[in-house]
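Encoded as C-alpha cells, the structure appears first; notes follow it.
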Amino acid sequence: MEICEKAEIFAVKDGDYVFDHSKIILQGADDEYYYAKTKQHIFRCPQIDIAGLDVIRIPGDAWPLADPTFTRATEPPPSECYVKRPSLLYYGDCSDKADYGRLILNEVEACEVLRLHPHPNIAQYLGCVVRDDRIRGLCFTKHPVTLLQMLEDGKHLQRTICLRGIEAGVRHMHDLGLVHNDLNPSNIMMDGENPVIIDFDSCKREGDRLGSKTGTLGWALEAEKFARRENDLHSLSKIRAALMKEN
Numbered sequence: 000m001e002i003c004e005k006a007e008i009f010a011v012k013d014g015d016y017v018f019d020h021s022k023i024i025l026q027g028a029d030d031e032y033y034y035a036k037t038k039q040h041i042f043r044c045p046q047i048d049i050a051g052l053d054v055i056r057i058p059g060d061a062w063p064l065a066d067p068t069f070t071r072a073t074e075p076p077p078s079e080c081y082v083k084r085p086s087l088l089y090y091g092d093c094s095d096k097a098d099y100g101r102l103i104l105n106e107v108e109a110c111e112v113l114r115l116h117p118h119p120n121i122a123q124y125l126g127c128v129v130r131d132d133r134i135r136g137l138c139f140t141k142h143p144v145t146l147l148q149m150l151e152d153g154k155h156l157q158r159t160i161c162l163r164g165i166e167a168g169v170r171h172m173h174d175l176g177l178v179h180n181d182l183n184p185s186n187i188m189m190d191g192e193n194p195v196i197i198d199f200d201s202c203k204r205e206g207d208r209l210g211s212k213t214g215t216l217g218w219a220l221e222a223e224k225f226a227r228r229e230n231d232l233h234s235l236s237k238i239r240a241a242l243m244k245e246n
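Counting in numbering that gives the first Met the number 0, the sequence shown runs from 0 upward without gaps.
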C-alpha cells in the first residue's frame, strides 16, 4: 500500500486549536482504499510505518451512484483536463457513508449548475468520471498554477485585475444562488492574468446548512453554520488584503 492523502487534524481546546491526530489515506491493489488514524504528527515524521497502522478498508459503495442526468466526462478523460478525485480524508468522520457520498454529490450538483451558466472566472466543468456507476472524479479544464503559488513565488501579477476577476466570479455564483464557502488563494487558479475559481466541495445553495466541509482556517468566518454571501465576502476581504499587501 502507498499513502495518497494525509492531513493533521486540529480540535478546539480551551479556545485554541491544538493537534488532535493525523489521518492517512492509503491505496492498495485493485484500486482499493483504506484509512488510518495516528497520534503522530505526520508532517514531522520522516517516514511512516505503514505496517504499524491500524488500517480500515473503505468500501466501494462509499462513492455515490451517478445520477443519469449528470454530465459524464469522456472515457478516458482528455489528457489536457484535470480530474479531481474526491478526497477520502472526510470518510469515517461523517456520521455514515451516506454523508460522505453527499459531500461528493453536493459538488457535482453545484458544478452542473455552473456548467449551464459558464463564466470566465469559474472553472469549466467537463463532467463526472464514472466507474461501476459510481462517481470517482470530476473533470475540469486544467490550469497551470494557483494564485497562492504566484504570491509565494513573488511572480508578476496584475493584482487589481486579478481581484476584479475573482469578485466577478463570486458575483456570478451569488446571482445563481450559490455560495462558495471556501474562497482562498489555493482555490483560485491562474490562466495567464485571468483568475479562475475552483474547488466547489463546500459550495451550497444560499441559506442551506453547511455540512462537515466548511471554509479554510484563516480565510473563512469561524463557526459559521449556514451558506451566506457574507462567508464569501469575508474571504474576499482576506484575499484583497493578501493581493494588495505588496502592491
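Glycine included, each C-beta is placed from N, C-alpha and C at the ideal position.
Problem - Extent of the continuous alpha helix (DSSP H) run through residue 233 - result: 228-243
Handout entry: Environment of residue 35 [buried if 16+ CB atoms lie within 10 Å]
Key = buried
Handout entry: Any non-hydrogen atom of the ligand NAD within 8 Å of residue 11 CB
Key = Judged by which ligands are present, the structure shown has none, so any question about the ligand NAD falls away.
Practice task
Would you kindly work out how many angstroms separate the C-alpha atoms of residue 22 and residue 228, rounded to a whole number?
Solution key: Answer to the nearest angstrom: the Cα atoms are 31 Å apart.
Exercise for the section: Please determine if the segment 231-241 and the segment 182-195 are in contact, where contact requires at least 3 C-beta pairs separated by less than 8 Å. Expected result: yes
Practice task
With DSSP as the reference, label residue 173 as helix, strand or coil.
Solution key: In this structure, DSSP gives residue 173 a helical state, which the three-state scheme calls helix.
Problem - Presumed contact (8 Å Cβ cut-off) between residue 322 and residue 31, rounded CB distance - result: What is shown of the chain runs 0 to 246, which leaves residue 322 out entirely.
Problem - Close beta carbons around residue 5, own chain, < 6 Å, minus the five adjacent residues each side - result: 23, 41
Practice task
Please go through the segment 69-130 and give each complete alpha helix (DSSP H) segment of 4 or more residues, from N-terminal end onward.
Solution key: 96-115
Problem - Assigned exposure category for residue 139 - 16 Cβ within 10 Å defines buried - result: buried
Problem - Closest Cα partner of residue 211 within the set 46, 25, 98, 49 - result: 98
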